[in-house]
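Q: Residue numbers (my numbering), protein chains in the order written: chain A, 1 to 256; chain B, 1 to 287. All C-beta atoms, glycine included, are put in the ideal place defined by N, C-alpha and C.
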């Protein structure tokens with residue numbers, strides 16, 4: 001038992017040490033991985049003055065907000081329908097597919113599709129692509145909540161004369177609200193971090209470069225303290241959002 | 001109980017299903033159409049005469065060897081992730097119930113964060129002037145930096161690092177569903193701890209192991225980011241090959257053929273996993 005716990009601690013070390021090193025180095029004045037030159041926020045300042053990074057971060061934000069809004073609405077409706085419809089294996093497969101399909105396959109499929117129908121590539125095509133997998137994740141989160149939902153509440157509401165819309169907004173939505181919000185937070189995190197599909201469906205030019213695309217371009221050229229700072233910001237944001245989603249959903253995220 | 005008409009449930013599902021149909025199913029089917037055409041002169045597709053050339057080209061020894069190489073790297077990564085993840089998941093299941101959610105969350109958290117940054121962290125650690133080499137030299141264990149980055153082991157390490165959280169999750173769910181009385185009965189009947197694990201616990205959690213394995217293998221084979229960043233582009237994997245056909249070589253039909261092979265492989269593995277799950281359930285029923 002003690003050996004098992006020791007192993008678990010070692011695994012946590014393996015998972016978190018690389019990230020921790022990155023975060024510590026981002027505050028290192030010397031910018032070197034080996035020499036500590038004192039605590040400094042210098043690299044964060046550099047980051048804030050880099051117009052390419054700011055532009056890419058803005059693009060990512062726009063994409064993530066749109067993709068989250070669309071997928072949260074569609075995913076929640078989908079979950080409400082699926083949980084009350086007769087179970088269908090084909091539909092289950094369709095809802096599971098976006099979560100397991102390799103990114104590169106969906107990426108080239110969408111690139112070919114958008115090109116064929118002559119849809120102009122840009123931020124809009126990235127949003128459309130991101131909704132595909134976000135939708136599936138939101139739907140899964142909301143469905144998990146609906147499994148323990150008491151549908152007789154809806155019956156009671158309707159029996160007492162409330163319309164379907166009033167029942168939804170005053171009974172169902174307040175009860176499933178936290179899981180909808182959790183699904184939305186998850187979608188936002190996935191979208192803002194997604195690289196491969198965005199890379200293929202963005203088209204050319206800086207105007208549709210997202211933050212992960214910018215990060216990729218930068219890390220291919222090597223290690224810089226500026227990337228460490230950017231990585232710390234991005235990781236910190238993800239941690240906060242996932243933690244919030246987890247709290248809202250009381251540990252029922254797919255994957256937790 | 002569900003006093004909602006069939007047409008109403010369909011209406012709720014329609015927008016989402018349409019989105020998936022139009023932007024996932026149709027594009028994926030398109031891949032299978034592209035295979036049978038030639039590349040256009042300026043990239044894209046020449047919709048002229050259909051051809052089988054791309055299908056036969058995929059089985060060219062050159063490309064088959066890349067497929068084989070990727071499969072080996074993916075298999076080694078999968079095995080390593082399972083060996084690391086299984087005991088970790090086991091330790092979490094054995095922890096007090098009140099702490100399990102937090103422990104599992106801690107294991108999964110990295111998985112939800114930026115993949116590029118998690119991979120970049122290893123460049124920081126492994127490069128010649130990086131932390132590991134500096135430490136080795138400082139300790140006097142080496143006089144020259146080791147070549148750690150841009151090697152096959154670095155690629156495997158990156159893949160294992162990225163996908164171990166998912167393996168822990170899959171095996172944890174399987175272990176948690178397992179009725180502890182089976183293992184207790186085995187011990188009561190005189191089996192040792194090792195024998196109980198190998199003959200009771202491991203077979204009954206095989207579906208979880210299979211689910212984790214399929215996931216790691218498929219995502220590793222089709223990966224192009226990790227081989228590019230940690231392999232320095234020296235080792236092509238199927239993902240890199242597909243990437244090149246679409247973004248550099250501009251031979252989309254051939255890239256589509258390679259992707260189709262990847263999809264086929266994935267479906268095959270999922271099918272095998274479904275069978276493993278059914279088998280395990282059968283044994284569970286008999287046990």
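1) Within 8 Å, do at least three Cβ pairs link the stretch 212-223 of chain B to the stretch 67-84 of chain B?
2) Alpha carbon to alpha carbon, how far is residue 12 (chain B) from residue 76 (chain A)?
3) What residues match up with residue 249 (chain A) in a beta bridge as DSSP calls it?
4) So if I threshold CB-CB distances at 9 Å, which residues from the stretch 106-118 of chain B count as touching chain A?
5) Quick check: is the beta carbon of residue 13 (chain B) nearer than 8 Å to any beta carbon in chain A?
6) Does residue 165 (chain B) get closer than 8 Å to chain A when you measure Cβ to Cβ?
7) Taking the alpha carbon of residue 164 (chain B) as the reference point, which residue from B:118, B:148 and B:176 has its own alpha carbon closest?
8) Can you tell which of B:38, B:210 and B:109 has its C-alpha closest to the C-alpha of residue 238 (chain A)?
9) Going by the CB atoms, is the gap between residue 16 (chain B) and residue 146 (chain A) shorter than 8 Å?
10) Below 8 Å, how does it come out for the stretch 210-225 of chain A and the stretch 95-109 of chain A: are there three or more Cβ pairs, yes or no?
11) Report the neighbours of residue 175 (chain B) on chain A: residues whose CB is nearer than 9 Å to its CB, in chain order.
12) Would you say residue 230 (chain B) and residue 123 (chain B) are within 8 Å of each other, going by their C-beta atoms?
13) For chain B, check one thing: does any of its Cβ atoms lie closer than 8 Å to the Cβ of residue 33 (chain A)?
14) Between the stretch 240-251 of chain B and the stretch 165-183 of chain B, can you find at least three pairs of beta-carbon atoms closer than 8 Å?
15) Which residue comes first and which comes last in the alpha helix (DSSP H) that contains residue 245 (chain B)?
16) Could you compute how far the alpha carbon of residue 160 (chain A) sits from the alpha carbon of residue 57 (chain A)?
17) Please report the straight-line C-alpha distance between residue 110 (chain A) and residue 162 (chain B), rounded to a whole angstrom.
18) Considering only their Cβ atoms, is the gap separating residue 245 (chain A) from residue 186 (chain A) smaller than 8 Å?
19) My output table needs one value for residue 39 (chain A): the three-state DSSP class, helix, strand or coil.
20) On a CA-only basis, which of A:134, A:224 and A:6 is nearest residue 127 (chain B)? Give me that one, please.
21) In or out: residue 165 (chain A) buried (at least 16 other Cβ within 10 Å) or exposed?
22) Quick one: grab the DSSP three-state call for residue 1 (chain B).
23) Could you spell out the range, first to last residue, of the alpha helix (DSSP H) harbouring residue 155 (chain A)?
24) Starting from residue 194 (chain A), trace the alpha helix (DSSP H) in both directions and tell me its first and last residue.
25) Give the interface partners of residue 246 (chain A) over in chain B, defined as CB-CB distance under 7 Å, in chain order.
26) Note down, one range per segment and in chain order, each alpha helix (DSSP H) of at least 4 residues found wholly within the stretch 143-211 of chain B.
27) Would residue 160 (chain B) and residue 81 (chain B) qualify as a contact pair, given that the criterion is a beta-carbon distance under 8 Å?
28) Assuming residue 200 (chain B) contacts residue 182 (chain B) under a Cβ cut-off of 8 Å, what Cβ separation, rounded to an integer in Å, is found between them?
29) Does residue 92 (chain B) get closer than 8 Å to chain A when you measure Cβ to Cβ?
30) Can you find a CB in chain B that lies within less than 8 Å of the CB of residue 113 (chain A)?
31) Note down, in chain order, each residue of its chain lying with its Cβ closer than 7 Å to the Cβ of residue 234 (chain B), except the 5 sequence neighbours on either side.
32) With H, G and I counted as helix, E and B as strand and the rest as coil, what does DSSP make of residue 38 (chain B)?
33) Give the interface partners of residue 75 (chain A) over in chain B, defined as CB-CB distance under 9 Å, in chain order.
34) Does any CB atom of chain A fall closer than 8 Å to the CB of residue 172 (chain B)?
35) Excluding the 5 residues flanking residue 227 (chain A) on each side, which residues of the same chain have their C-beta closer than 8 Å to its C-beta?
36) How big is the Cα-Cα spacing for residue 201 (chain A) and residue 193 (chain A)?
A: By the coordinates alone:
1) yes
2) 9 Å
3) The partner list for residue 249 (chain A) (beta bridge, DSSP) is empty, contrary to what the question assumes.
4) 106, 107, 108, 109, 110, 111, 112, 113, 114, 115, 116, 117 and 118
5) yes
6) yes
7) B:118
8) B:109
9) no
10) no
11) Under the 9 Å cutoff, chain A gives no residues; its nearest Cβ is about 12 Å from residue 175 (chain B).
12) yes
13) yes
14) no
15) 238-247
16) 50 Å
17) 25 Å
18) yes
19) strand
20) A:224
21) exposed
22) With a pLDDT of 43 at residue 1 (chain B), under the threshold of 50, the predicted position of this residue should be treated as unreliable, and no value is reported.
23) 152-159
24) From DSSP, residue 194 (chain A) is part of no alpha helix (DSSP H); its letter is neither H nor E.
25) 105
26) 152-177, 180-188 and 193-196
27) yes
28) 5 Å
29) yes
30) yes
31) 150
32) strand
33) 16
34) no
35) 215, 218 and 219
36) 15 Å
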